[in-house]
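Remarks on the structure that follows.
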Amino acid sequence: KTTATGKSHAKVIFLGEHSAVYQQPAIVFPVPQATVTATIKTTNAPVSSITSEYYTGPVSELPPRMAGVATLLHHLQHQLNPQSIPTHLTLHSTIPLGRGMGSSAAIASAITQAYFALFETPLPRETLTAYTDIEEHITHGNPSGIDAQTVNVAHPILFEEQQFIDFQPPLTGFLVIADTGLASDTKTAVQQVHQFLTADQQRQDLILQLGKLTERVKQELQQQDLLATGHSLTAAQTILRALGVSTPQIDQLVTAAHAAGALGAKLTGSGLGGCIIALTETRAAAQTVAKALTEHGATQTWIQSLHELNPQ
Ligand code: MEV
2 KTTATGKSHA KVIFLGEHSA VYQQPAIVFP VPQATVTATI KTTNAPVSSI TSEYYTGPVS
62 ELPPRMAGVA TLLHHLQHQL NPQSIPTHLT LHSTIPLGRG MGSSAAIASA ITQAYFALFE
122 TPLPRETLTA YTDIEEHITH GNPSGIDAQT VNVAHPILFE EQQFIDFQPP LTGFLVIADT
182 GLASDTKTAV QQVHQFLTAD QQRQDLILQL GKLTERVKQE LQQQDLLATG HSLTAAQTIL
242 RALGVSTPQI DQLVTAAHAA GALGAKLTGS GLGGCIIALT ETRAAAQTVA KALTEHGATQ
302 TWIQSLHELN PQ
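If you count by full-length UniProt numbering, then the sequence shown holds residues 2 to 313, one letter each, in order.
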């Protein structure tokens, strides 16, 4: 083979960010409409190179902020291309960077798939996750490993007792995802929460409350109770705000989502920037909420039909 492609998609944490770092459960949804495509070709050029929105040039000169990708490529090269045949890699992403939508994991997954396809090597799901995790450990410190798991599957994932379980309740409703336009840094947010919790033992209770809410939402989704699910999402936002990871921009979007008729809304991912999610029953309601969020400063919105995440 002289050319191959790999494709991956975004994710959002429905519920359980931050508490997942403390052994509490989390529910994560894929966002198949926001994708990364990696195309790899063998070339006659003397060295391997990369073309992307973030960097274009030789692989050997990848900037420090792409250290995760550099390490991943090093591992892939070593494993699959020991003769160091020069390659050219092109990345195309519609997932905004650093917004809690799993962009870095999706990039790593797409690259891994393309590389394995080019060298015609079978790629089981566990191997794909393991390679994605190589990049994630460097980029995020990766306390829970949620992103590497979810960007590779088309259905929700339940993270429970340190296990990743395929979670397929009969989903209905719509999820609006809205970007504050501000990047958030997972490592910083996780550290900040850690400091907040260690300053006062009683604050640990907030983490347990988030864990209980996630358990409750698991039941509510199974019972197709969208109204209750929405209430639980909003309750989680109150706790995440108490943990210190909300921001004025996030609060403004959450308030706007409620005013426009959302059943519930919260930040998603690490907070301190990034995206919010809002739940609605119908597509029309989702469109109304998305419009209101754009009017209140969201730089981009997505509407994800939850029904489309059900097994076909
Ligand atoms: C970040 O997307 C989610 C956090 O819970 C960190 C993690 O689970 O690795 C904040």
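Yeah, the Cβ is synthetic: ideal placement off N, Cα and C, and Gly gets one too.
- Item | Endpoints, the alpha helix (DSSP H) within which residue 328 is located | Since the displayed the chain opens at 2 and closes at 313, residue 328 lies outside it and no answer follows.
- Message: Just list the residues that DSSP pairs Gly58 with in beta bridges.
- Response: Ile51
- Message: Against chain D, does Ala149 count as a neighbour if the rule is that its beta carbon must be under 8 angstroms from one of theirs?
- Response: Of the protein chains in the structure, only one exists, and it is not chain D.
- Message: According to DSSP, simplified to helix, strand and coil, what is Ile7?
- Response: According to the sequence as given, residue 7 is Gly; it is not Ile. DSSP places Gly7 in strand when its eight states are reduced to three.
- Query: From the DSSP output, which residues share a beta bridge with Leu176?
  - Reply: Leu176 pairs with Leu280, Gln305.
- Say yes only if the C-beta of Thr187 is nearer than 7 angstroms to one or more non-hydrogen atoms of the ligand MEV, and no if none qualify. yes
- Message: Could you compute how far the alpha carbon of Leu207 sits from the alpha carbon of His259?
- Response: 23 angstroms
- Message: Quick check on Thr189: buried or exposed, where buried means 16 or more other Cβ atoms within 10 Å of its Cβ?
- Response: Only exposed fits Thr189, as fewer than 16 other CB atoms lie within 10 angstroms of its CB.
- Query: Counting pairs of beta carbons, one from the segment 164-179 and one from the segment 300-307, are three or more of them closer than 8 angstroms?
  - Reply: yes
- Task: Enumerate, from N- to C-terminal direction, the unbroken alpha helix (DSSP H) stretches of 4 or more residues contained entirely within the segment 64-110.
- Result: 68-81, all fully within the segment 64-110.
- Query: Using DSSP with H/G/I as helix, E/B as strand and the rest coil, what is Pro249?
  - Reply: helix
- Out of Pro144, Gly270, Gly146, Leu92, which has the shortest C-alpha to C-alpha gap to Ile179? Note on residue identity: the sequence assigns Ala, not Ile, to residue 179. Selected option, being the one with the closest Cα: Gly270.
- Would you mind stating whether Ile51 and Thr57 have Cβ atoms separated by less than 8 angstroms? yes
- Mind reading off the beta-carbon distance from Val13 to Val32? Whole number of angstroms is fine, and I expect it under 8 angstroms. About 6 angstroms separates the Cβ atoms of Val13 and Val32, confirming a contact at the 8 angstroms cut-off.
- Message: Beta-carbon within less than 8 angstroms of Gln169's beta-carbon, same chain only, minus the 5 sequence neighbours each way: which residues are those?
- Response: His156, Pro157, Asn311, Pro312
- Using the rule of at least 16 other Cβ atoms within 10 Å of the residue's Cβ for burial, across every protein chain shown, is Ala200 buried or exposed? exposed
- Item | Every unbroken beta strand (DSSP E) within the segment 159-203, with a cutoff of 3 residues, ordered by chain | 164-167, 175-180
- Would the beta-carbon of His75 be found less than 7 angstroms away from any heavy atom of the ligand FAD? Ligands in the displayed structure: the ligand MEV; the ligand FAD is not one of them.
- Query: CA-CA distance, Leu124 and Thr113?
  - Reply: 9 angstroms
- Is any heavy atom in the ligand MEV found nearer than 7 angstroms to the beta carbon of Ser104? no
- Message: So, for Gly103: in the same chain, excluding its five sequence neighbours on each side, which residues have a beta-carbon less than 6 angstroms away from its beta-carbon?
- Response: Ala11, Lys12, Asp148, Val152
- Message: Quick check: the Cα distance between Gln25 and Thr215, rounded to an integer number of angstroms?
- Response: So the alpha carbons of these two residues sit roughly 8 angstroms apart.
- Query: Is it the case that the CB of Val32 approaches a heavy atom of the ligand MEV more closely than 7 angstroms?
  - Reply: no
- Does the beta carbon of Glu162 fall short of 7 angstroms from some heavy atom of the ligand MEV? Every heavy atom of the ligand MEV is 7 angstroms or more from the Cβ of Glu162, so no.
- Item | For Lys42, the three-state DSSP class (helix, strand or coil) | strand
- Query: For Gln238, does the count of other Cβ atoms within 10 angstroms reach 16, so buried, or fall short, so exposed?
  - Reply: buried
- Task: Have a look at Gly69 and Gln164 and give me their C-alpha separation to the nearest angstrom.
- Result: Gly69 and Gln164 have their C-alpha atoms some 24 angstroms from each other.
- For Leu98, which residues from the same chain have a beta carbon less than 6 angstroms from its beta carbon, with the 5 sequence-adjacent residues on both sides left out? Excluding residues within five positions, the ones whose Cβ falls inside 6 angstroms are Ser104.
- Item | Supposed close pair Ala266, Ala293 - CB separation, criterion 8 angstroms | The distance from the Cβ of Ala266 to that of Ala293 is about 11 angstroms, inconsistent with a contact at the 8 angstroms cut-off.
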